[in-house]
Ligand code: ATP
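Numbering (this note's numbering), first residue to last: 201 to 552.
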């Protein structure tokens, strides 16, 4: 029996609702497929915990997390804590501390789901987001606080090592896809240093992947291409900020923010990788039992794939697609099903 140790961090907002639904589905899968078992430990780190203890991650917390095979994460963000404090208190220390430099975000219109685009069925993308440096490197400061002369700087950091490894990851991924296409997204007309370095290294790495067809797009232009010519895109590689924005657009074009999954991968496997839905805390629907759990289920399928449980990952994706095709949809997709209804339906399909 293969045992995978999972750290569950549901955190804030709808996080606990979708993570418990995700764990239910994972449990059904391991019973049905057999051969593996998930040993799940729950971590109560969230914004209430922060308000009580003064920290999201207690001393030694990252060391404890390091012992796990994967992290299953909900969402962080609370109306009681400034967003930059919650993000830098919980999600970013894990992603950066564990060198999860490849953020992988697939987007596809699942069967039965309506895209706001009439060519929505052409969406089949994976956005690869650089996840360790760039605009979110945390390099900046504020001086003369509160004075008329106050200054804030936010300096993006692009290193040759950081850029090369994300490009290599994106090329390797593009190579596994039927269309083998990779689009580089930067803004190297207006930003002449870091972005030009991104472009240069991309084309250096490209020489080692002659089987991958490449092209290049400015970040503003790629938004129109995503909307008007979705079929021309396959894998997209972009910086931390650019790809963050593009993946929300991709999720919305795929039907809802409640569908998109994410994997924060440490490709060398020196540290656990972290799996989370793209969406955030969604305060407007928290506690109502109507959060769409599909993003979390798809995220769970990515986690299973990473853990080497390919059969279970395929079975989960099949069950998800059967349920979306059958019209059991939460309100964000125009339906009236609850989180529990969708979870039950997916478990039933798994149990066959
Ligand atoms: P963050 O700043 O962390 O990205 P946010 O609250 O600004 O979070 P999201 O939580 O990502 O934004 O969601 C924006 C809106 O999309 C929510 O208010 C909610 O209406 C909808 N939404 C997001 N996730 C889901 C979901 N799983 N199910 C249903 N609706 C969702």
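Here a beta-carbon is modelled for each residue, glycine too, at the ideal position from N, C-alpha and C.
Contact annotation, residue 369 with residue 427: C-beta distance approximately 26 Å; criterion of less than 8 Å not satisfied. Taking a cut-off of 8 Å on C-beta distances, the region 446-453 does not touch the region 270-283, as fewer than three cross pairs fall below it. Take residue 332, set aside five residues on each side of it, and the residues of its chain with a beta-carbon closer than 7 Å to its own are 296, 299, 301 and 362, in chain order. The region 277-337 is shown to contain whole beta strand (DSSP E) runs of 3 or more residues at 302-308 and 324-330, in chain order. CA-to-CA, the gap between residue 335 and residue 443 works out to about 11 Å. The closest heavy atom of the ligand ATP lies less than 7 Å from the beta carbon of residue 479.
Counting only runs that start and end inside the region 211-251, the beta strand (DSSP E) elements of at least 3 residues fall at 236-242. Under DSSP, residue 208 takes part in a beta bridge, and its partners are 242 and 272.
Between residue 218 and residue 496, the beta carbon gap of about 4 Å places them in contact (Cβ cut-off 8 Å). In terms of Cα proximity to residue 513, the closest of 524, 416, 523 and 498 is 498.
The secondary-structure analysis by DSSP pairs residue 413 across a beta bridge with 381. Cβ-Cβ distances below 8 Å link residue 479 to 214, 275, 451, 457, 458, 460 and 495 in the same chain, with the five nearest sequence neighbours on each side left out; the list follows chain order. Residue 453 carries a helical assignment under DSSP once its states are collapsed to helix, strand and coil. With contacts defined by Cβ atoms closer than 8 Å, residue 401 and residue 364 form a contacting pair. Partner residues in the beta bridge of residue 437, as assigned by DSSP, are 328 and 384.
Distances from the CB of residue 482 to the heavy atoms of the ligand ATP include at least one below 7 Å.
Within the same chain, Cβ atoms closer than 6 Å to the Cβ of residue 509 are found at 236, the five residues on either side in sequence being excluded. Non-local beta-carbon contacts of residue 292 in its own chain, meaning distances under 8 Å to residues more than five positions away in sequence, involve 336 and 338 in chain order.
The alpha-carbon of residue 437 is positioned some 7 Å away from that of residue 382. One thing to note: residue 463 has its Cβ within 8 Å of the Cβ of residue 475. Residue burial annotation: residue 417 is buried, with at least 16 other C-beta atoms found within 10 angstroms of its C-beta.
Straight through space, the alpha carbons of residue 415 and residue 253 are spaced by roughly 49 Å. Taking C-beta separations shorter than 6 Å and ignoring five residues to either side along the sequence, the partners of residue 545 in its chain run 523 and 528, following chain order.
The nearest non-hydrogen atom of the ligand ATP is less than 7 Å from the C-beta of residue 218. Straight-line spacing of the CA atoms in residue 371 and residue 434 works out to 12 Å. When secondary structure is reduced to three states using DSSP, residue 261 falls in the helix class. If you check the CB distance, residue 209 and residue 273 come in under 8 Å. DSSP lists 352 as the beta-bridge partner residues of residue 342.
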